[in-house]
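Residue numbers (our numbering), protein chains in the order written: chain A, 146 to 424; chain G, 11 to 241.
Every residue, glycine too, gets a C-beta built ideally from N, C-alpha and C.
These notes are about the structure you will find just below.
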Amino acid sequence: MLVGEYTGIKVQEAKPLKRTKLPLLGHGVIYSELEKKVMSRSGIKAMAEGDVKILGGWPSPFVMRPRIALNIKSVGYKFLEEKVGVKSDLLIKSNPVYKKIPVLIHGDKPICESLVIVQYIDETWSSGPSILPSDAYDRATARFWAAYIDDKWVPALSGITKAQGEEAEAEAVKQLLVGTALLEEAFQKCSKGNAFFGGDSIGYLDIALGSFLGWLRVAELNGLTILNAEKTPGLVGWAENFCADSAVKEVIPETGKLAEFAKMIFAKTKAPPSTWFNK
Amino acid sequence: MAESDVKILGAWASPFVMRPRIALNIKSVGYEFLEEKVGVKSDLLIKSNPVYKKIPVLIHGDKPICESLVIVQYIDETWSSGPSILPSDVYDRATARFWAAYIDDKWFPALSEIVKVQGEGEEAKAEAVKQLLAGIALLEEAFQKCSKGKAFFGGDSIGYLDIALGSFLGWLRVTELNGLTILDAEKTPGLVGWAENFCADSAVKEVMPETGKLAELAKRLFAKTKAPPST
Numbered sequence: 146m147l148v149g150e151y152t153g154i155k156v157q158e159a160k161p162l163k164r165t166k167l168p169l170l171g172h173g174v175i176y177s178e179l180e181k182k183v184m185s186r187s188g189i190k191a192m193a194e195g196d197v198k199i200l201g202g203w204p205s206p207f208v209m210r211p212r213i214a215l216n217i218k219s220v221g222y223k224f225l226e227e228k229v230g231v232k233s234d235l236l237i238k239s240n241p242v243y244k245k246i247p248v249l250i251h252g253d254k255p256i257c258e259s260l261v262i263v264q265y266i267d268e269t270w271s272s273g274p275s276i277l278p279s280d281a282y283d284r285a286t287a288r289f290w291a292a293y294i295d296d297k298w299v300p301a302l303s304g305i306t307k308a309q310g311e312e313a314e315a316e317a318v319k320q321l322l323v324g325t326a327l328l329e330e331a332f333q334k335c336s337k338g339n340a341f342f343g344g345d346s347i348g349y350l351d352i353a354l355g356s357f358l359g360w361l362r363v364a365e366l367n368g369l370t371i372l373n374a375e376k377t378p379g380l381v382g383w384a385e386n387f388c389a390d391s392a393v394k395e396v397i398p399e400t401g402k403l404a405e406f407a408k409m410i411f412a413k414t415k416a417p418p419s420t421w422f423n424k
Numbered sequence: 011m012a013e014s015d016v017k018i019l020g021a022w023a024s025p026f027v028m029r030p031r032i033a034l035n036i037k038s039v040g041y042e043f044l045e046e047k048v049g050v051k052s053d054l055l056i057k058s059n060p061v062y063k064k065i066p067v068l069i070h071g072d073k074p075i076c077e078s079l080v081i082v083q084y085i086d087e088t089w090s091s092g093p094s095i096l097p098s099d100v101y102d103r104a105t106a107r108f109w110a111a112y113i114d115d116k117w118f119p120a121l122s123e124i125v126k127v128q129g130e131g132e133e134a135k136a137e138a139v140k141q142l143l144a145g146i147a148l149l150e151e152a153f154q155k156c157s158k159g160k161a162f163f164g165g166d167s168i169g170y171l172d173i174a175l176g177s178f179l180g181w182l183r184v185t186e187l188n189g190l191t192i193l194d195a196e197k198t199p200g201l202v203g204w205a206e207n208f209c210a211d212s213a214v215k216e217v218m219p220e221t222g223k224l225a226e227l228a229k230r231l232f233a234k235t236k237a238p239p240s241t
């Protein structure tokens, strides 16, 4: 802030102070819009829900990630659903490099790549609960495992759907379980006895992995158990807590609906919905 | 914080290893460089990076940090009083992270592909080159946008995205020696100028491998394994 009584204070820190003060002075009114309260003064455009949009699809784990992040920050947004198999003009314009969901559009600025978006959300709405850990080493650890999930674990998961024949499928399952065992170990280390990778509340790594729980449940319906109480007890407990969290509950797809969707896609394309696993 | 408190496990020829070394140089942080022997993974490497067993690894005190871009961000955040590596603006940060991920997820695999298809005939090679050049055109565009007329993606000084891409310049020069031009004054004028500035930077100069030396290594590795040094 360059002028006024909050000179020298960062804008992000001054905002909540002003928000409290203005109604007391009669200079502003707090009103509610759909999902969040906004402060409005005449001549100043309030940060309406319309300023934040997510282009996405309800079944996509990658799309879930920024939605959970925005929920953690209590930031309202407009969810623009892409039709399956059709890329909208807006998507192509906002993500010309990959033409993939999710895309966050903040004002007129597009941000692409789910984990880049989650970090952007954390840094932009910095007054809300933190998503990245506060310690630099814990941050590095969270980023390391999130990258592992996207670079190794998710490809192992989609490898199962792509595998031709029983032997190939068994090998693919083995790879996935090895990766999941590493993640169980990571969970034990990161959570330090708390409910989440992020500690007491959901954080970056919880979001990175938890976004796949809907699909893991579909796999279980089809006879493939990935999280089990004997080998990955930590992750089993974590999964329950994650899915029950208020930031997650309303965006995690219902397992039956997802299973139906998977069947439909598989039948339609004669190929597994592995593109939903391609970030 | 003595020099021995910061170690980099790595190798002089690896672009990924260059990244944290440049970052530490930007921060004027001294470190011990522990070179892995080609083809042999040390016990320390296996212990510090059990998941991938790959270089680089930064060991800070007794804490190992793996994955080059994760390490660079760790360095930026840990030695926060030095010059910033990530941009200060949140949207610029997202842009830098996006393009750095593009480089590692798409562009570098396209570069390795060219090397991999060496023995597979002209058509395969031409396709691989086409992919790489399409990627470079995107990066030229990104450079024009991010640099806003300045020398680097990061502006006046080297930043995250400069490090992510610049670490490959040694190898790009080797491919040029072998007749394949990737940065060219006509199609990628911005990147040509940027490359010169990057390689001349004080944080980069001493860690950028000398092209002739790299070319020799490439020949040796290619001959030894009958596979290109794409790792």
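Would DSSP call residue i helix, strand or coil?
i         : result
Lys140(G) : helix
Pro97(G)  : coil
Val183(A) : Reliability of the predicted coordinates at Val183(A) is poor, the pLDDT of 48 falling under 50, and no value is obtained from them.
Lys300(A) : Here residue 300(A) turns out to be Pro, not Lys, going by the sequence shown. In the structure shown, Pro300(A) sits in a helix (DSSP, three-state: H, G or I).
Gly188(A) : Per-residue confidence for Gly188(A) stands at a pLDDT of 34, beneath the threshold of 50, marking its modelled position as unreliable; the derived number appears in the next sentence. DSSP places Gly188(A) in coil when its eight states are reduced to three.
Pro219(G) : coil
Ile32(G)  : helix
Lys160(A) : helix
Val263(A) : helix
Glu330(A) : helix
Leu79(G)  : helix
Leu200(A) : strand
Leu277(A) : coil
Gly344(A) : strand
Phe178(G) : coil
Gly230(A) : coil
Phe163(G) : coil
Glu375(A) : coil
Please list, in chain order, all residues of the same chain as residue i whose beta carbon is under 6 Å from its beta carbon, the five residues on each side excluded.
i         : result
Ile189(A) : Annotation note: pLDDT 34 at Ile189(A) (below 50); position unreliable, coordinate value reported separately. There are no such residues.
Ala134(G) : Val127
Gly149(A) : none
Ala195(G) : Val202
Ala308(A) : Glu314 and Ala317
Ile154(A) : Met146
Met209(A) : Ser356 and Val396
Ile237(A) : Lys244
How many whole angstroms separate the CB atoms of residue i and residue j, which I take to be in contact at a CB cut-off of 8 Å?
i         : j         : result
Leu149(G) : Leu201(G) : 7 Å
Leu106(G) : Leu171(G) : At residue 106(G) the sequence reads Ala, which differs from the Leu that was named. So it is a contact: roughly 4 Å between Cβ atoms.
Leu372(A) : Ala384(A) : 6 Å
Leu361(A) : Trp290(A) : With 8 Å as the limit, Leu361(A) and Trp290(A) do not qualify as a contact, their Cβ atoms being about 17 Å apart.
Glu45(G)  : Trp22(G)  : 7 Å
Val139(G) : Leu190(G) : 7 Å
Asp196(A) : Gly252(A) : 6 Å
Leaving aside the five residues before and after residue i along the sequence, list all residues of the same chain whose C-beta is less than 7 Å from its C-beta, in chain order.
i         : result
Tyr243(A) : Cys257
Lys160(G) : Asp166
Gln320(A) : Ala301 and Gly304
Gly324(A) : Lys297, Trp298 and Ala301
Pro97(G)  : Arg103, Ala106, Gly164 and Gly169
Asp345(A) : Asn339
Quick one, are the C-beta atoms of residue i and residue j less than 8 Å apart?
i         : j         : result
Leu19(G)  : Ser58(G)  : yes
Pro398(A) : Gly348(A) : no
Ala111(G) : Val263(A) : no
Leu175(G) : Ile81(G)  : no
Ser356(A) : Gly273(A) : no
Ile9(G)   : Ile36(G)  : Nothing can be reported for residue 9(G), as the shown portion of chain G is limited to 11 through 241.
Thr377(A) : Glu329(A) : yes
Val217(G) : Ile32(G)  : yes
Lys406(A) : Pro204(A) : One detail in the question is off: residue 406(A) reads as Phe in this sequence, not Lys. Yes, the Cβ-Cβ distance between Phe406(A) and Pro204(A) is below 8 Å.
Ser207(G) : Phe162(G) : A small fix is needed here, since residue 207(G) is Asn in this sequence, not Ser. In this structure, Phe162(G) lies closer than 8 Å to Asn207(G) by Cβ.
Trp181(G) : Pro66(G)  : no
Phe207(A) : Ser259(A) : yes
Pro119(G) : Ser78(G)  : no
Trp117(G) : Gly71(G)  : no
Asp61(G)  : Tyr293(A) : Residue identity check: residue 61(G) is Val in the sequence provided, not Asp. Yes, they are a contact pair.
Determine the extent of the beta strand (DSSP E) in which residue i is found, giving its start and end residues.
i         : result
Lys73(G)  : Lys73 to Cys76
Phe224(A) : Lys223 to Glu226
Ile18(G)  : Val16 to Gly20
Glu248(A) : The residue asked about is misnamed: residue 248(A) is Val in this sequence, not Glu. Start and end: Val248 to His251.
Leu44(G)  : Glu42 to Glu45
Val67(G)  : Val67 to His70
Lys254(A) : Lys254 to Cys257
So, for residue i: in the same chain, excluding its five sequence neighbours on each side, which residues have a beta-carbon less than 8 Å away from its beta-carbon?
i         : result
Ser239(A) : Leu200, Val248, Ile250, Pro255 and Cys257
Just curious, the alpha helix (DSSP H) that residue i is in, first and last residue?
i         : result
Leu369(A) : Looking at the DSSP string, Leu369(A) is not in any alpha helix (DSSP H), and its letter there is neither H nor E.
Glu206(G) : Pro199 to Ala210
Lys238(A) : Asp234 to Ser239
Asp53(G)  : Asp53 to Ser58
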